[in-house]
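Everything in the sequence shown is counted per my numbering, starting at 169 for the first residue and increasing by one.
This report refers to the structure that appears directly beneath it.
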Amino acid sequence: MCGIVGYLGEKDAFPILINGLKRLEYRGYDSSGIALLNGTLDVFKKKGKVAELENFVLGQKYGGNIGIGHTRWATHGEPSDENAHPHNSMNGIFTVVHNGIIENYSSLKEDLVKQSYVFQSETDTEVLANLIEFFYEQDSEINAESAVQLALSKVVGAYGIAVLCKNEKNKIIAARKGSPLVIGIGNGEYYIASDASPIAEFTSQVVYLNDEDIAIIQKDGFTLKNVRNNPVSLKLSNLDLDVGKLDKGEFEHFMLKEIYEQPKTIEETFRGRLKSDYSEIVLGGLLNVFPKVLEAQRIIIIGCGTSWHAALIGEYLIEEYAQVSVEVEYASEFRYRKPVLGKNDVVILISQSGETADTLAALHLAKEKGATVIGICNVVGSTLARETEAGVYTHAGLEIGVASTKAFTAQVTVLTMFALKLARAKETIELDEYQALLQELSTIPEKGRIILQNNEKIKLIAEKYKDVINALYLGRGILFPVALEGALKLKEISYIHAEGYAAGEMKHGPIALVDDNLPVIVVAPRDEYYEKIVSNIQEVKARKGNVIAIVTEGDKRLIELANDCIEIPNSHPVFAPLLAVIPLQLLAYHIALLRGCDVDQPRNLAKSVTVE
Ligand code: AGP
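Right under this line is the structure:
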């Protein structure tokens with residue numbers, strides 16, 4: 169949540185910062201701001217999206233080769249010009265942009281108020297700016313980085329920060345704990361960002377900051393120390409991000425583009441991992457831990473939101489095929505429980521961003537308890553990817569739409585391969601069934617393309633239901649998590665209240681909601697639950713509910729019974745989640761669009777939830 173950018177070099181900083189903020193806008197978009205160091209320290213900030221800040225600054229005098237910027241997702245204080253970052257310290261010596269939460273900000277603030285500090289905003293960040301200034305003014309020998317280090321040593325909480333000091337004109341200080349920061353190293357210039365997307369077009373040489381690192385960036389070099397004032401050595405990484413993929417192309421929204429990319433991204437996920445004769449799945453990132461996975465009595469899969477839904481699908485697949493007991497946990501719950509966990513357990517953490525605060529806290533807990541930890545992650549070089557001992561990248565490419573789509577199908581593809589690989593190694597699946605499934609996996613992208621041809625039809629269905637207040641999504645077995653995912657997509661981008669339910673649970677409560685205003689979206693392809701789900705549909709129809717069914721192509725019975733049907737190609741049930749979710753994503757997209765909602769940047773949300 170919140171995006172940070174910074175630039176120090178010979179170029180005009182403003183366009184680099186504004187474009188960087190646009191790239192990071194998916195992380196938060198309620199206000200934004202920029203500070204430029206150019207003899208003076210000039211701060212420009214505005215409530216609203218980055219485009220509003222851009223217009224605001226362009227109407228004024230500005231300039232400088234050093235600057236920092238921020239796009240905000242509000243934690244402390246409502247979205248407003250005053251609460252927007254950067255925040256100046258009281259005497260204007262420092263300005264700070266911050267991503268994270270300073271948990272002890274109120275006690276720090278009380279102490280500063282006793283020292284006659286006055287505050288302009290409601291934010292925790294302004295407290296940090298003043299604390300840095302307080303230490304700086306205590307002693308004329310103290311430089312800006314020492315003041316930052318002393319202030320951070322008092323802070324409890326999470327931060328990614330970039331700091332400018334009016335008196336030290338060739339310097340940016342950046343630090344992280346819990347919130348990501350990456351520094352790009354160019355030719356006599358440096359870039360700072362919350363993720364690599366604003367940096368990739370300028371350089372491929374980056375340094376990912378680790379927790380408690382403080383970077384002192386100057387024109388003639390860049391050094392690292394930590395919050396305890398000890399030097400830290402630099403570890404250079406190579407960035408491999410295709411900036412060409414960062415725009416919407418022919419699509420109106422990133423979400424639609426990402427939905428349409430799925431046939432390709434599913435293919436990318438299994439590409440190079442299936443042997444050409446389908447005799448083996450190669451997951452190179454798991455080599456060193458696979459013996460432990462084979463011995464594990466229990467696998468625990470952890471994630472949040474959409475990643476948690478993928479985890480539930482993983483549970484069905486691993487239990488059915490590899491016959492290993494699986495538990496699925498919300499990271500936010502797991503981290504605060506006292507889970508019984510030990511070195512014989514395997515913990516799989518799933519995250520698109522690899523920066524979700526709760527998932528990272530769950531990772532740290534699992535490591536502390538001695539479990540074998542595996543990451544399934546999309547963002548290369550993210551904290552999750554760097555802190556897990558083994559893992560599998562999903563290779564879905566950068567996902568910008570806040571509502572996750574292609575990352576989900578890529579996660580499910582990885583989990584499908586993981587379950588089948590484990591099953592084969594445990595000999596709980598015969599070779600011919602295994603090979604047949606791998607062969608079918610290679611046909612799923614084409615089936616996805618066929619589903620996308622239903623887009624116009626789905627748009628017409630969306631027209632019919634765009635004004636509803638509630639919606640119910642039902643599925644059974646491995647398609648129950650798909651119902652949950654369909655409901656999440658609808659609620660997060662259209663603001664319609666939607667619930668996902670296991671269809672068998674409908675009679676235990678949700679059936680009371682059914683009337684002629686309620687659309688019930690039922691995931692009902694032909695599988696072992698087919699007759700049961702047809703009965704559920706009958707029950708909804710008997711109460712005048714409107715059924716939108718996702719059915720196997722040519723299913724005349726449901727085409728007649730349901731109010732609306734979206735057909736998907738026939739597939740083995742293992743692959744049904746990958747296919748059935750696509751029409752649900754499109755339905756949510758079109759309903760949200762027809763309601764005039766901001767599909768890519770829905771209200772109150774941010775792409776990476778880097779605070780609790
Ligand atoms: C998905 O549409 C959501 N925006 C959200 O639930 C997301 O999946 C969740 O925050 C987890 O993010 P992660 O995969 O990056 O950890």
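In this text, a Cβ means the ideal position worked out from N, Cα and C, and glycines have one as well.
Would you say the beta carbon of GLY654 comes nearer than 6 Å to a heavy atom of ligand 1?
The residue labelled residue 654 in the question sits at position 486 within the sequence shown. Incorrect: GLY654 has no Cβ contact closer than 6 Å to ligand 1.
Measure the C-alpha to C-alpha separation of ALA525 and ILE518 and round it to an integer number of angstroms.
Position 357 of the sequence shown, counted from the first residue, corresponds to residue 525. Position 350 of the sequence shown, counted from the first residue, corresponds to residue 518. So the alpha carbons of these two residues sit roughly 12 Å apart.
Taking Cβ positions, are THR437 and THR527 nearer each other than 7 Å?
As a first step, residue 437 is located in the sequence shown; it is residue number 269 there, counting from the start. As a first step, residue 527 is located in the sequence shown; it is residue number 359 there, counting from the start. Contact: no.
Would you decide whether SER782 is buried or exposed? Buried here means 16 or more other CB atoms lie within 10 Å of its CB.
Because the chain is modelled from 169 through 780, residue 782 falls outside the range shown and cannot be assessed.
Near VAL286, which residues of its chain fall below 8 Å by C-beta distance, leaving aside the five closest residues on each side in sequence?
If you number the sequence shown from 1, residue 286 lands on position 118. If we look at VAL286 and ignore the five residues flanking it on each side, its Cβ neighbours are MET258.
Just curious, the beta strand (DSSP E) that HIS125 is in, first and last residue?
As shown, the chain starts at 169 and ends at 780. That puts residue 125 outside it, with no answer to give.
Assuming ARG240 contacts SER289 under a Cβ cut-off of 8 Å, what Cβ separation, rounded to an integer in Å, is found between them?
Taking the sequence shown and counting its residues from 1, one reaches residue 240 at position 72. Taking the sequence shown and counting its residues from 1, one reaches residue 289 at position 121. Between SER289 and ARG240 the Cβ distance is about 11 Å, and since that is not below 8 Å, they are no contact.
Under 7 Å, Cβ to Cβ, is there at least one residue of chain B near SER199?
In summary, chain B is missing from the structure at hand, where a single protein chain is found.
Using the rule of at least 16 other Cβ atoms within 10 Å of the residue's Cβ for burial, across every protein chain shown, is TYR504 buried or exposed?
Your numbering for residue 504 matches position 336 in the sequence shown. By the neighbour-count rule (16 or more Cβ atoms within 10 Å), TYR504 is not buried but exposed.
Return the residue from the list LEU299, ASN335 and ALA330 that minimises the CA-CA distance to LEU318.
On the sequence shown, residue 318 is found 150 positions in, with the first residue counted as 1. The residue with the shortest Cα to Cα distance from LEU318 is LEU299.
With burial defined as no fewer than 16 other Cβ atoms inside 10 Å of the residue's Cβ, what is the status of HIS238: buried or exposed?
On the sequence shown, residue 238 is found 70 positions in, with the first residue counted as 1. Classification for HIS238: buried.
Between THR474 and ligand 1, is the CB less than 6 Å from at least one heavy atom?
The residue given as residue 474 occupies position 306 in the sequence shown. Yes, the Cβ of THR474 comes within 6 Å of a heavy atom of ligand 1.
Output the distance between the C-alpha atoms of GLY188 and SER572, rounded to the nearest integer angstrom.
If you number the sequence shown from 1, residue 188 lands on position 20. If you number the sequence shown from 1, residue 572 lands on position 404. Their backbone Cα atoms lie some 21 Å apart in a straight line.
Is the beta carbon of LEU332 less than 7 Å from the beta carbon of LEU221?
The count along the sequence shown starts at 1 and reaches residue 332 at position 164. The count along the sequence shown starts at 1 and reaches residue 221 at position 53. No. Outside cutoff.
Roughly how many angstroms lie between the CA atoms of ASP279 and VAL450, to the nearest whole one?
On the sequence shown, residue 279 is found 111 positions in, with the first residue counted as 1. On the sequence shown, residue 450 is found 282 positions in, with the first residue counted as 1. Approximately 57 Å, taken between the alpha carbons.
Entirely within the region 206-262 and at least 3 residues each: give me those beta strand (DSSP E) ranges in chain order.
DSSP runs (the beta strand (DSSP E)) wholly in the region 206-262: 208-215 and 234-240.
Check whether the Cβ of SER365 sits closer than 6 Å to any heavy atom of ligand 1, and report yes or no.
Residue numbering aside, residue 365 sits at position 197 when the sequence shown is read from its first letter. The answer is no for SER365.
Once DSSP output is grouped into helix, strand and coil, what is the label at LYS190?
Locating residue 190 in the sequence shown gives position 22, where the first residue counts as 1. If DSSP states are grouped into helix, strand and coil, LYS190 belongs with the helices.
For GLN706 and GLU728, I'd like the C-alpha separation in whole angstroms.
For the purposes of this step, residue 706 is identified with residue 538 of the sequence shown, where counting begins at 1. For the purposes of this step, residue 728 is identified with residue 560 of the sequence shown, where counting begins at 1. Going by the C-alpha atoms only, they are around 12 Å apart.
Go to LYS432, then tell me how far its alpha helix (DSSP H) extends in each direction, as first and last residue.
Walking along the sequence shown from the start, residue 432 turns up at place 264. Where LYS432 is concerned, the enclosing alpha helix (DSSP H) stretches over 422-438.
Which word fits SER739, buried or exposed, when buried means at least 16 other C-beta atoms lie within 10 angstroms of its C-beta?
Counted from its first residue, the sequence shown places residue 739 at position 571. The residue in question, SER739, is buried, as its Cβ has 16 or more Cβ neighbours within 10 Å.
Got a sec: does ligand 1 put a non-hydrogen atom nearer than 6 Å to the Cβ of THR243?
Locating residue 243 in the sequence shown gives position 75, where the first residue counts as 1. No - ligand 1 has no heavy atom lying nearer than 6 Å to the Cβ of THR243.
Should the region 439-448 be called in touch with the region 761-775, which here means at least 3 C-beta pairs below 8 Å?
Contact between the region 439-448 and the region 761-775 is absent, because fewer than three Cβ pairs lie under 8 Å.
Is the Cβ-Cβ distance between VAL375 and LEU349 less than 7 Å?
One-based indexing of the sequence shown puts residue 375 at position 207. One-based indexing of the sequence shown puts residue 349 at position 181. Against a cut-off of 7 Å, the Cβ pair of LEU349 and VAL375 comes out as no contact.
Say yes only if the C-beta of VAL777 is nearer than 6 Å to one or more non-hydrogen atoms of ligand 1, and no if none qualify.
Along the sequence shown, one-based indexing puts residue 777 at 609. At least one heavy atom of ligand 1 is nearer than 6 Å to the Cβ of VAL777, so yes.
Quick one: is the Cβ of VAL749 within less than 6 Å of any heavy atom of ligand 1?
Here residue 749 corresponds to residue number 581 of the sequence shown, with the count starting at 1. It does not: the Cβ of VAL749 is nowhere closer than 6 Å to a heavy atom of ligand 1.
Taking 7 Å as the threshold (C-beta atoms), are ALA219 and THR263 in contact?
Against the sequence shown, residue 263 aligns to sequence position 95. Against the sequence shown, residue 219 aligns to sequence position 51. No. Outside cutoff.
Let me check understanding here. Comparing Cα to Cα, which of ILE516, GLY645 and GLU336 lies closest to VAL457?
Here residue 457 refers to the residue found at position 289 of the sequence shown. Checking every option, the nearest Cα to that of VAL457 belongs to ILE516.
Identify every residue that forms a DSSP beta bridge with PHE390.
Against the sequence shown, residue 390 aligns to sequence position 222. Per DSSP, ILE385.
Please determine whether the Cβ atom of THR562 lies at a distance below 6 Å from any heavy atom of ligand 1.
The residue labelled residue 562 in the question sits at position 394 within the sequence shown. Incorrect: THR562 has no Cβ contact closer than 6 Å to ligand 1.
Taking only three categories from DSSP, how would you classify ASN397?
Position 229 of the sequence shown, counted from the start, is the residue given in the question as residue 397. Of the three classes helix, strand and coil, the one that applies to ASN397 here is coil, per DSSP.
Should SER662 be labelled buried (16 or more other beta-carbon atoms within 10 Å of its own) or exposed?
The sequence position of residue 662 within the sequence shown is 494, counting from 1. It counts as buried.
For VAL570, is the beta carbon positioned less than 6 Å from some heavy atom of ligand 1?
Numbered from its first residue, the sequence shown carries residue 570 at position 402. For ligand 1, at least one heavy atom lies less than 6 Å from the Cβ of VAL570.
Please classify PRO459: does DSSP put it in a helix, a strand, or coil?
Residue 459 sits at position 291 when you count from the first residue of the sequence shown. It is helical.
Can you look up GLU369 in the DSSP assignment and give me helix, strand or coil?
Taking the sequence shown and counting its residues from 1, the one referred to as residue 369 is at position 201. Three-state result, GLU369: coil.
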